[in-house]
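Note sheet for the following structure.
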Amino acid sequence: MQAHVESGASGPSLTLRIVQIVSFTFLAYLVIGMQLAVLPPFVHNDLGFGAVLAGLAISSQYLATLFSRGFAGRTSDTAGPKRAALIGLLACGGSAALMMVAALLRPWPMASFGVMLLARLALGVGESCVATGCIMWGIGRVGAEHTAKVISWNGVATYSALAVGAPLGVLLVAAGGFITIGLGGLVVTVAALVLAWRRPAVRVEGGERMPMHHVFGRVAPYGMGLALGAVGFGVIATFITLYYASQGWAGAAPTLSLFGVCFVGVRLVLGWTIAHFGGYRVALTSLLIEGVGLIVLATAGHVAVAMLGAALCGIGFSLVFPSLGVVAVTRVSVSNRGAALAAYSVFTDVALGVTGPLGGWIASGGRYGPMFAVAAVMALAAAALTGALYVSYGNKAG
483 MQAHVESGAS GPSLTLRIVQ IVSFTFLAYL VIGMQLAVLP PFVHNDLGFG
533 AVLAGLAISS QYLATLFSRG FAGRTSDTAG PKRAALIGLL ACGGSAALMM
583 VAALLRPWPM ASFGVMLLAR LALGVGESCV ATGCIMWGIG RVGAEHTAKV
633 ISWNGVATYS ALAVGAPLGV LLVAAGGFIT IGLGGLVVTV AALVLAWRRP
683 AVRVEGGERM PMHHVFGRVA PYGMGLALGA VGFGVIATFI TLYYASQGWA
733 GAAPTLSLFG VCFVGVRLVL GWTIAHFGGY RVALTSLLIE GVGLIVLATA
783 GHVAVAMLGA ALCGIGFSLV FPSLGVVAVT RVSVSNRGAA LAAYSVFTDV
833 ALGVTGPLGG WIASGGRYGP MFAVAAVMAL AAAALTGALY VSYGNKAG
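Per the working numbering, the sequence shown runs over residues 483 to 880.
Here it is as structure tokens:
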């Protein structure tokens, strides 16, 4: 394993060194984004299957991501984060190749769908390995004191890629059919692999490796705070369009865009606050802002008020993952921090996985206000939990 750490004024700037690594996250999530918007229509219209199988094609990726988090974290700790990222990019490339096969098997719908599920499972493994690997790789290049900045930039890369990938996927399918999704993804991942291979690796930390269930126990309180906060993001992403329709409002898409702009903007402009004020304080403030935003959404009587609520949610939720993540990884030794980051990320997967069914059940009568109110209570509960953790551990870590 190649050992290399860049430091000092002679190297590239801090932000540039981070961006050079999280750019691989961007490319991996570009492949994910390209598939998101076009998979359900292909399954439903081209293969002739119903909404249940179309939903399964999407959700299978998230299941694979959830169950491969431990592998991604432990690989980062033992073989190095560069190795984890390369494995993830290879899996993304394999997914793209399988998508091409699924497109060619279109005359045989069941065979095409089966190959597509394999492609989605491969993409889920790729997502977990690239996300964990790139964060730990970036931290290894710039130092643990810049953990919050690396996580923040990785999040910017993730959501920017999804925003670009979805319309790009639609354009590719319109221009050359569904097979171009696989071809485009393969080109992207091959380019990413070539570039990533040339980047220097970082030192693998020695030390005792904790069992994964022990790591999970250490980060679980912070993960619970993250999960409770992620519910608000989940209900906005999943139900804002239906909420607007139930109220007779136009502008659901601009509201989602506003949420995204606020989310990315806060990470870019205020990411430094985590290192300055500490993860607990930033997380507490962020969750309170998110809770207020969800209350505004729940009680909105006009589209402008609802847009304000969505903007506050974007501002609030933006720094929850990095601020709680910074203090979560300090609960384990340096040699187990890849595993800790992976275990912590699992809580997002679970929260977003249950948000759809739970939110749909709450709003089953066509009233979406109570659903946002429940999400607000969860965000405020996350704030209370963060406050309790700060009282317990705040004197030892930011």
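No residue lacks a Cβ here, since even glycine has one placed at the ideal position from N, Cα and C.
Problem set entry | Inter-residue CB distance, T557 and I569 (contact presumed, cutoff 8 Å) | Residue numbering aside, residue 557 sits at position 75 when the sequence shown is read from its first letter. Residue numbering aside, residue 569 sits at position 87 when the sequence shown is read from its first letter. The Cβ separation is near 7 Å, so the contact holds.
Problem set entry | Assigned secondary structure, R819 (DSSP; H/G/I helix, E/B strand, else coil) | Taking the sequence shown and counting its residues from 1, the one referred to as residue 819 is at position 337. Three-state result, R819: helix.
Exercise. Can you check whether the CB of A833 is closer than 8 Å to the CB of V701?
Worked result: Within the sequence shown, numbered from 1, the residue matching residue 701 stands at position 219. Within the sequence shown, numbered from 1, the residue matching residue 833 stands at position 351. Their beta carbons are not under 8 Å apart, which means V701 does not touch A833 by this criterion.
Problem set entry | At least three beta-carbon pairs within less than 8 Å, the stretch 512-525 to the stretch 665-677 | yes
For this session: Measure the CB-CB distance between R499 and R623 and report whether it falls below 8 Å.
Result: Working through the sequence shown from its first residue, we reach residue 499 at position 17. Working through the sequence shown from its first residue, we reach residue 623 at position 141. Yes, the pair counts as a contact, with Cβ atoms nearer than the cut-off.
Exercise. For the candidate residues A578, S768, T720, T868, whose alpha-carbon lies nearest to that of L752?
Worked result: Translated into the one-based positions of the sequence shown, residue 752 becomes position 270. Answer by Cα proximity: S768.
Exercise. Taking DSSP as the reference, what is the three-state secondary structure of H784?
Worked result: Against the sequence shown, residue 784 aligns to sequence position 302. Three-state result, H784: coil.
Problem set entry | Same chain, Cβ closer than 7 Å to I617, neighbours up to 5 away in sequence not counted | Locating residue 617 in the sequence shown gives position 135, where the first residue counts as 1. Correct list, in chain order: V632, I633, N636, L823.
Exercise. For T507, which three-state DSSP category applies?
Worked result: Within the sequence shown, numbered from 1, the residue matching residue 507 stands at position 25. Correct three-state label for T507: helix.
Exercise. Within this structure, are the beta carbons of Q543 and R588 separated by less than 8 Å?
Worked result: Here residue 543 is taken as the residue at index 61 of the sequence shown, counted from 1. Here residue 588 is taken as the residue at index 106 of the sequence shown, counted from 1. Taking 8 Å as the Cβ cut-off, Q543 and R588 do not qualify as a contacting pair.
Problem set entry | CA nearest to the CA of A727, picked from S817, T614, G851 | Residue mapping note: residue 727 aligns to position 245 of the sequence shown, counting from 1. Comparing Cα positions, the closest option is G851.
Problem set entry | Other residues of its chain near T640: CB distance less than 7 Å, five sequence neighbours each side excluded | In the sequence shown, residue 640 corresponds to position 158, counting from 1. So the list reads T507, Y511, once near-sequence residues are dropped.
For this session: Mind reading off the beta-carbon distance from A536 to V652? Whole number of angstroms is fine, and I expect it under 8 Å.
Result: Taking the first residue of the sequence shown as 1, we reach residue 536 at position 54. Taking the first residue of the sequence shown as 1, we reach residue 652 at position 170. Incorrect: roughly 16 Å between the Cβ atoms, too far for contact.
For this session: Below 8 Å on the Cβ atoms is my guess for A861 versus G711; work out the distance and round it to an integer in Å.
Result: For the purposes of this step, residue 861 is taken as residue 379 along the sequence shown, with counting starting at 1. For the purposes of this step, residue 711 is taken as residue 229 along the sequence shown, with counting starting at 1. About 6 Å separates the two Cβ atoms, so the contact holds.
Exercise. Alpha carbon to alpha carbon, how far is P591 from A864?
Worked result: To locate residue 591, count along the sequence shown from 1; it is residue 109. To locate residue 864, count along the sequence shown from 1; it is residue 382. When rounded, the distance between both Cα atoms is 45 Å.
Exercise. Checking contacts by CB at 8 Å: is L498 closer than that to chain C?
Worked result: The structure shown has no chain C; it contains just one protein chain.
Exercise. Where in the stretch 786-852 do unbroken runs of the alpha helix (DSSP H), each at least 4 residues long, occur, reported from the N-terminal end onward?
Worked result: 802-811, 819-844
Problem set entry | Cβ-Cβ distance between N527 and M692 below 8 Å | On the sequence shown, position 45 is the one that residue 527 refers to. On the sequence shown, position 210 is the one that residue 692 refers to. No, Cβ-Cβ distance for N527 and M692 is not below 8 Å.
Problem set entry | Whole-number beta carbon distance between G707 and T868, since they are thought to touch under 8 Å | The residue you call residue 868 lines up with position 386 of the sequence shown. The residue you call residue 707 lines up with position 225 of the sequence shown. Right, their Cβ atoms sit about 5 Å apart.
Problem set entry | Collapsed DSSP secondary structure at L884 in the structure displayed | With the chain covering only 483 through 880, there is no way to say anything about residue 884.
For this session: Consult DSSP for L752 and reduce its assignment to one of helix, strand or coil.
Result: Counted from its first residue, the sequence shown places residue 752 at position 270. If DSSP states are grouped into helix, strand and coil, L752 belongs with the helices.
For this session: Taking all protein chains shown into account, decide if V873 is buried (16 or more other Cβ within 10 angstroms of its Cβ) or exposed.
Result: Taking the sequence shown and counting its residues from 1, one reaches residue 873 at position 391. Burial call: exposed.
Exercise. What whole-angstrom Cβ distance do L586 and A604 have, given they're in contact under 8 Å?
Worked result: Mapped onto the sequence shown, residue 586 falls at position 104. Mapped onto the sequence shown, residue 604 falls at position 122. Incorrect: roughly 17 Å between the Cβ atoms, too far for contact.
Exercise. Whose C-alpha, out of L806, A734, G666, is nearest the C-alpha of Y762?
Worked result: The sequence position of residue 762 within the sequence shown is 280, counting from 1. Considering only alpha carbons, the answer is L806.
Exercise. What three-state label does DSSP hand E690 in the structure shown?
Worked result: For the purposes of this step, residue 690 is taken as residue 208 along the sequence shown, with counting starting at 1. Correct three-state label for E690: coil.
Problem set entry | Of the listed residues I844, V612, A709, nearest to F799 (C-alpha basis) | Taking the sequence shown and counting its residues from 1, the one referred to as residue 799 is at position 317. Checked all of I844, V612, A709; the closest Cα to F799 is A709.
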